[in-house]
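Number of protein chains: 2
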Amino acid sequence: MTETNTRLGIIIFPGFALLDVAGPMQFFNQLSLIQPFELSIIAKTLEPVTTVPSKSLGPPTQFQPIGEQWLPTHTFDTAPLLDILLVPGGYGLRDQTIFDDIALFIKKQYPNLKYLLSVCTGATTIAATGLLDGRRATSNKFAWSFATHHQNVNWIREARWVVDGNIWTSSGVAAGMDMTYAFISTVYSSEIAKDIANRMEYEPHTDPNWDPFSQMWKD
Amino acid sequence: MTETNTRLGIIIFPGFALLDVAGPMQFFNQLSLIQPFELSIIAKTLEPVTTVPSKSLGPPTQFQPIGEQWLPTHTFDTAPLLDILLVPGGYGLRDQTIFDDIALFIKKQYPNLKYLLSVCTGATTIAATGLLDGRRATSNKFAWSFATHHQNVNWIREARWVVDGNIWTSSGVAAGMDMTYAFISTVYSSEIAKDIANRMEYEPHTDPNWDPFSQMWKD
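If you read the protein sequences in the order shown, they are chains A and B.
Okay, so the first sequence: first residue is 0 according to numbering that gives the first Met the number 0, each after it adds one.
Okay, so the second sequence: first residue is 0 according to numbering that gives the first Met the number 0, each after it adds one.
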């Protein structure tokens, strides 16, 4: 994947989980110094997108949650054909319209994708397309019953991340960083992945079966 | 810190390191569900701010680096008085004007701050204000000689993070998450910090002296 620009896309939506995107992207931002990348940040419109979910979707709270706003570069309609697509999770996915828009976009992109990656409940939108039917995948352990309601998938509960074919799915939030480390090790080289992680001062979990959180959360 | 809204500010600038901000903010975003917060995202102007440093500042590369754009909520002039200020690092700090603007803002805010936090080379801007003179602090290990050029600070090389009075400084990029975990444990409670980390599926380093990267990078 070094001859031409690798077209990387990430989806954002109101109520995405910040670290689901930012963890993997810290790796890819650094990788882009030594490999040619083009990044598309894709949303429904070009308006700024907040990490704060609308009140009806988020967890119950007596306070106004804080969050950050990101700027998309493309809409679902204007995004180019991608090589790699990263789908994050977050409370925003509990909005059926948001969920359906994302699933539709994944379905449209998949035939051209070299790799499809998800973090956290992002796997749920991939499952809804049918692309994971009969395949192994994992998702967020704190939101397991929401995440795994699509039944035709072989959901692996105890896993930091799972690879099946060209679909990589990780467990919740911080697990996306470990999946990305493994992804870069596999697709580029372990030396490149190690060098990026060392510059980030990040110690990755390198065992895909390491998962204390699968025991911790029993929903 | 639970009676009124805690006013949290983060500084962003062109070429900030994404995870320096997003790692700590994933914790604070979740904390804001159970504690009242107001967040100010502070930059020189209200224009979108990119993580990509200008070509003359970034590391040598033959490619165009990719990055993300965040929207500020306040400028250095319009930001409210803050309780907690978080200063990230990144290649953008090698622009002297950016650096000086940030140092000036820190100096203005410090008398009212309850806590001042930095990640990565953010400590360098605090050092420039003189606020760290005679105090202990740490910074990024990959950029140690840039980060520690201010001589009056007792720079601690082998440290994941350092606390001196109300100033918390962490090592590079990913270390900001471990500092934030320790900060929330100390200022709120260890139960709250643990619960947030478990929902993030993040296993923190809880020993401030854990630092394999201080041996790895010898610049």
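Quick reminder that beta carbons are idealized off the backbone N, C-alpha and C, glycines included.
Since this is a predicted model, take the numbers as computed values, not measurements.
When the alpha-carbon of tryptophan 69 of chain B is set against those of B:Thr124, B:Leu80 and B:Thr49, the nearest one is in B:Thr49. With 16 or more other Cβ atoms inside 10 Å of its own Cβ, aspartate 177 of chain B counts as buried. Of the residues assessed, threonine 124 of chain B falls on the buried side of the cut-off, its CB having 16 or more other CB atoms within 10 angstroms. The shortest CA-to-CA distance from alanine 16 of chain B to any of B:Arg198, B:Ala127 and B:Val118 is the one to B:Val118. Counting other Cβ atoms within 10 Å of its Cβ, asparagine 28 of chain B reaches 16 or more and is therefore classed as buried. From the beta-carbon of methionine 199 of chain A, the residues of chain B found nearer than 8 Å are Leu18, Gly171, Val172 and Ala173. For isoleucine 41 of chain A, the pairing in a beta bridge is given by DSSP as A:Ile10 and A:His73. Note on glutamine 150 of chain A: under 16 other CB atoms within 10 angstroms of its CB, so exposed under the neighbour-count rule. In the three-state DSSP reduction, tryptophan 143 of chain B falls in the helix class (H, G or I). The Cβ neighbour count for glutamate 46 of chain A, taken over all protein chains shown within 10 Å, is under 16; the residue is labelled exposed. Taking all protein chains in view, the Cβ of threonine 179 of chain A is crowded by 16 or more other Cβ atoms within 10 Å, so the residue is classified as buried.
Relative to asparagine 208 of chain B, the option among B:Trp160, B:Leu112, B:Thr120 and B:Leu84 whose CA is nearest is B:Trp160. Shown here, valine 172 of chain A sits in coil according to DSSP, grouped into three states, outside any helix or strand. Isoleucine 155 of chain B and serine 213 of chain B have their C-alpha atoms some 10 Å from each other. The beta-carbon separation of phenylalanine 26 of chain B and asparagine 4 of chain B, rounded to 17 Å, does not stay under the 8 Å limit for a contact. Any Cβ of chain B closer than 7 Å to the Cβ of glycine 66 of chain A would place that residue at the interface, and such an atom is present. Here methionine 199 of chain A is not near valine 20 of chain B, since their CB atoms are 7 Å or more apart.
A residue is called buried once 16 or more other Cβ atoms fall within 10 Å of its Cβ, and aspartate 82 of chain B is buried on that count. From the beta-carbon of proline 79 of chain B, no residue of chain A is found nearer than 8 Å; the closest lies around 14 Å away. Of the other Cβ atoms in all chains shown, fewer than 16 fall within 10 Å of the Cβ of threonine 60 of chain B; this residue is therefore exposed. Take alanine 192 of chain A, set aside five residues on each side of it, and the residues of its chain with a beta-carbon closer than 7 Å to its own are Tyr180, Ile183 and Ser184, in chain order. Per DSSP, reduced to three states, the secondary structure at alanine 158 of chain B is coil, with no helix or strand assignment. About 12 Å separates the CB atoms of threonine 72 of chain B and threonine 44 of chain B; that is not less than 8 Å, and the two are not in contact. Contact check for leucine 80 of chain B against leucine 38 of chain B fails: the beta carbons are separated by 7 Å or more.
No Cβ-Cβ contact shorter than 7 Å links threonine 168 of chain B with alanine 102 of chain B. Take the alpha-carbon of leucine 92 of chain B and the one of threonine 147 of chain B: they are about 13 Å apart. Between leucine 116 of chain B and the set B:Thr137, B:Phe98, B:Pro211 and B:Asp100, the nearest pair of CA atoms involves B:Thr137.
Counting C-beta atoms within 10 angstroms of its own C-beta, aspartate 206 of chain B has fewer than 16 neighbours from the protein chains shown and is therefore classed as exposed. In this chain, the alpha helix (DSSP H) harbouring isoleucine 105 of chain A covers 95-108. At the C-beta level, asparagine 165 of chain B and tyrosine 114 of chain B come within 7 Å of one another. The DSSP-derived three-state label of serine 184 of chain B is helix. Apart from sequence neighbours up to five positions away, the residues of its chain that approach valine 51 of chain A with a beta-carbon distance below 6 Å are Pro64 and Gly66, ordered along the chain.
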